[in-house]
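Novice:
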Amino acid sequence: MPLTFGKEYKLCSKRIIDAVFDQGEQVKAYPYIARYLITGLPEPVAFQVVFSAPKRTFRKAHERNRIKRLARETFRLNKSELEMYLKNQNKQLALFLVYTAPKEVSFAENQKAMSKLQKKIIDTIDAL
RNA sequence: AAGGCAAAUCGGUCUACCGCUGUUCAUGUGAGUGAAGAGAGGAAAGUCCGGGCAGCGCAGAGUACCGUACUUCCUAACAGGAAGGGUUCGCAACGGGCAUUGCUCAGAGCGAAUACAGAAAGUGCCACAGAAAGCUAAACCGCCUGCCGGAGCUUGCGAAGGCGGGUAAGGGUGAAAAGGUGGGGUAAGAGCCCACCGGGUUGUCGGUGACGGCGAUCGCCGGGUAAACCUUACGGGCUGAAAAACCAAAUAAACCCGGGCAGAAUGCUUCGGUAUUCGAAAGGGCUACUCGUUCAAUCCGGGAGGGUAGGUUGAUGGACACUGAUGGUGACGUCAGUGCUAGAUAAAUGGUAGACACACACCCAUGAGCAAUCAGAGGUGUUUACAGAAUCCGGCUUAUAGAUUUGCCUUUUGC
RNA sequence: UGGCCCAUGGUGUAACUGGCAACACGUCUGAUUUUGGUUCAGAAGAGUCUAGGUUCGAGCCCUAGUGGGCCAA
């Protein structure tokens, strides 16, 4: 499974984002909160993601950029398990990640949190 | 040498692996794959000014409103910049006056600051205090003086008090009291007179000009506030890249409410109309208002509702950058050569590991010194400051670890 | 991206044309009451978001910043 993480993985459709918040499930793994929904996507990929850093806690644009870059990088390095799972199940997932910590978290901790989060998502989907 | 201020430049580098967004080339029917090369700033920030660009049919006039404010120049333009002028403050040579080695006035020069048009067009305000807070000023305490008065006594001098006159030098009030200092003068005083300084008017010379020099003349002419109203001069049409144009997709030229293509009189008439005169309401657009202008008849305004939720252009070659020459005191201009230097769209330019440089902190062999202390090979630790393009430029303002260069000022040491 | 507004005791608000920053609630102390509440009397608590400037004098005027809120789409 390649480690590429291009534009097609980006969730842009406003309609799907609204649906995620209306009907989706919530999973927590500090410092992230994720809302997700199994639904059809406009691109032939396993999932599409939004990364978000709140403007209220991160006032400066470069701080928000940093948080989102770290999140994107760690997600890219840990996505293979989730992607394999979804491909096997033939499902598509819309995912919205919110960063909740009040400060920047190190790369190692980020990696831990991200793999934990993805495992949790797989578990909850299985439970359905 | 150290410190401060100002200006300018820079503000990490390299390697490996894994990625992100465009471009070009190759390959492939295609999805795609591979290679090459590019990819944040000096402030990208604040959004405080100015412009380019676009729309408002045409882009009009006046009023209102907003802004700017020493001069000349630079510039596409500006509230920006350059040079110059004035004013204020600090240091202060030479000098003047009185006195005699002190006080005071004034000030070449040097440095710093400066939102710096008009207060003699008008209006308002100047609390408290004070007699008085402003056209021609004004007597609270004082000072001087005329008359009355008479306590007293040294018997012709006269205190207190009263009525009047002169006086802005002194005191007092206040942020501010009607040119300043010194001298003469006087009953006491006063630009009343004089010297120096300041000021008004005016002539002349220099300067593009702000303004300055020199002279004449006037004893002087009149407080502050315009970051109060205002006046004068100059500038500004409004909106804003979510502007705007095009392609594609979708749908409803449907529904409801309001308004509209006027109207009147007279003449002629083949009764279809037509001519003249009067008259011109309501609405929309153009700038808030007025004027002016303009708009259509399947039209205009409003309501409720339905659909779409993509792409291209705008939009990155420009008031562009660098180098050289040249004109200018300078900002900047001109000419020649070379270069192409982000273009994302919920928003790319990153992550991990290692090495290096710089800087800082701590430890410390050692050296200088009587000492306080200073320097410091080496070692350990910390890994960058402020901060992320969003239509583009020119400025301003604010943030910024640290490094380098230049200029000025201060202090210390040595000669 | 563009535009608008606000900031005053612990809280909510005043302060006229620039002239001693006021009021209510709350807090504290005392009185009344067996105790608490109510009521009465008294007290403390700010220098007006920050830094400059104009002015004799600034909460108010001007400039720059900080923080908070709102609008268009």
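The letter at position 124 of the first sequence is residue 233 when you use the working numbering, and the numbering goes up by one with no holes.
C-beta: ideal position from N, C-alpha, C; glycine also.
These numbers were taken from a predicted model, which means no experiment stands behind them.
1. Are residue 138 and residue 200 touching if we call contact CB-CB under 7 angstroms?
2. State yes or no: is the C-beta of residue 233 within less than 7 angstroms of the C-beta of residue 140?
3. Going by other Cβ atoms of all chains shown within 10 Å of its Cβ, with 16 needed for buried, is residue 222 buried or exposed?
4. Going by DSSP, what residues sit across from residue 203 in a beta bridge?
5. Kindly indicate which three-state DSSP category residue 134 falls into: helix, strand or coil?
6. According to the Cβ coordinates, are residue 231 and residue 136 closer than 7 angstroms?
7. Can you name, in chain order, every residue of its own chain whose Cβ lies under 8 angstroms from the Cβ of residue 119, other than the five neighbours on each side?
8. Am I right that residue 150 and residue 203 are in contact with their C-beta atoms under 8 angstroms? What's the rounded C-beta distance?
9. Can you say whether residue 132 is buried or exposed, counting buried as having 16 or more other CB atoms within 10 angstroms of its CB?
10. Excluding five sequence neighbours on each side, which residues of the same chain lie with their C-beta closer than 6 angstroms to the C-beta of residue 114?
11. Restricting to Cα atoms, I'd like to know which of 164, 174, 122, 143 is closest to residue 152.
12. To the nearest angstrom, report how far apart residue 195 and residue 112 are at their CA atoms.
Specialist: Result, derived from the coordinates:
1. Inclusion of residue 138 and residue 200 in the CB contact set at 7 angstroms is not warranted, their separation being larger than that value.
2. No, the pair does not count as a contact, with Cβ atoms beyond the cut-off.
3. Per the 10 Å Cβ criterion, buried.
4. According to DSSP, which records beta bridges pairwise, residue 203 is partnered with 146, 157.
5. Note: residue 134 maps to strand in three-state DSSP.
6. Contact: no.
7. Contacts found: 157, 158, 159.
8. That pair is a contact at about 7 angstroms.
9. Of the residues assessed, residue 132 falls on the exposed side of the cut-off, its CB having fewer than 16 other CB atoms within 10 angstroms.
10. For residue 114, where only same-chain residues beyond five positions count, the Cβ hits under 6 angstroms are 185.
11. Ranking 164, 174, 122, 143 by CA distance to the CA of residue 152 puts 122 first.
12. Residue 195 and residue 112: Cα-Cα distance of roughly 16 angstroms.
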